[in-house]
Amino acid sequence: MVYNSVCFACHQPEGQGIPKAFPPLAKSDYLNADPKRAISNVVHGLQGKVTVNGETYESLMPQLGLNDEQVANALTYVYSQWGNSGVEVLPETVKEVRATVPAPAAPGAH
Numbered sequence: 327m328v329y330n331s332v333c334f335a336c337h338q339p340e341g342q343g344i345p346k347a348f349p350p351l352a353k354s355d356y357l358n359a360d361p362k363r364a365i366s367n368v369v370h371g372l373q374g375k376v377t378v379n380g381e382t383y384e385s386l387m388p389q390l391g392l393n394d395e396q397v398a399n400a401l402t403y404v405y406s407q408w409g410n411s412g413v414e415v416l417p418e419t420v421k422e423v424r425a426t427v428p429a430p431a432a433p434g435a436h
């Protein structure tokens, strides 16, 4: 399972994250608000401030080098667990996001 091999260390076995370091995926308002943003974060990585369930996190999520099917599998698993929305992420959607949503600029980049 992709989650156990790639996401588990930071986001923990029950998606609870690590306080002040890595945000929770369980019952995550940030995650559930926009599946395409979640796909972009997994595809491109994420750095800078993000607010999840009222808490601010500022850590680095690197690009993980996953293919479209791996991203879809990981996110579908996360969305089906821990009180999340149950969204099914398809590899075709990951491919679309990868092609159309640019990587976010690094904080302070011009």
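Under my numbering, the letters of the sequence shown match residues 327 to 436, in that order.
Backbone N, C-alpha and C fix where the C-beta goes; we use that ideal spot for every residue, glycine too.
Using 10 angstroms around the beta-carbon of residue i, count the other beta-carbons present and answer buried if the total reaches 16, otherwise exposed.
i: S366; result: buried
i: A347; result: exposed
i: G374; result: exposed
i: N330; result: exposed
i: P428; result: exposed
i: A335; result: exposed
i: G341; result: buried
i: P339; result: exposed
i: P388; result: exposed
i: A425; result: exposed
i: P345; result: exposed
Can residue i and residue j be called in contact, C-beta distance under 8 angstroms?
i: L351; j: H370; result: no
i: T402; j: V415; result: yes
i: Y332; j: L390; result: Residue identity differs from the one stated: residue 332 is Val in this sequence, not Tyr. Their beta carbons are under 8 angstroms apart, which means V332 touches L390 by this criterion.
i: P430; j: D394; result: no
i: N358; j: S411; result: yes
i: V413; j: V368; result: no
Tell me where the beta strand (DSSP E) around residue i begins and ends.
i: Y329; result: Looking at the DSSP string, Y329 is not in any beta strand (DSSP E), and its letter there is neither H nor E.
i: E340; result: No beta strand (DSSP E) holds E340; DSSP gives it neither H nor E.
Need the endpoints of the alpha helix (DSSP H) that residue i sits in, please.
i: E395; result: D394 to Y405
i: P361; result: P361 to H370
Report yes or no: is there a C-beta of chain B within less than 8 angstroms of the C-beta of residue i?
i: V368; result: Checking the listed chains, one finds no chain B in this structure; it contains a single protein chain.
Could you pull the DSSP bridge partners for residue i from this structure?
i: A418; result: For the sequence presented, residue 418 should be read as Glu rather than Ala. In the DSSP output, where bridge partners are listed per residue, E418 has none listed.
i: T426; result: Paired residues: none, contrary to the question.
i: K375; result: E384
Just checking my contact of residue i with residue j at CB under 8 angstroms: how many whole Å lie between their CB atoms?
i: T377; j: Y356; result: 7 angstroms
i: V328; j: N379; result: Contact doesn't hold; Cβ gap of about 23 angstroms is too wide.
Say yes only if the C-beta of residue i is nearer than 7 angstroms to one or more non-hydrogen atoms of the ligand ATP, and no if none qualify.
i: K362; result: The ligand ATP is not among the ligands present in this structure, which contains no ligands whatsoever.
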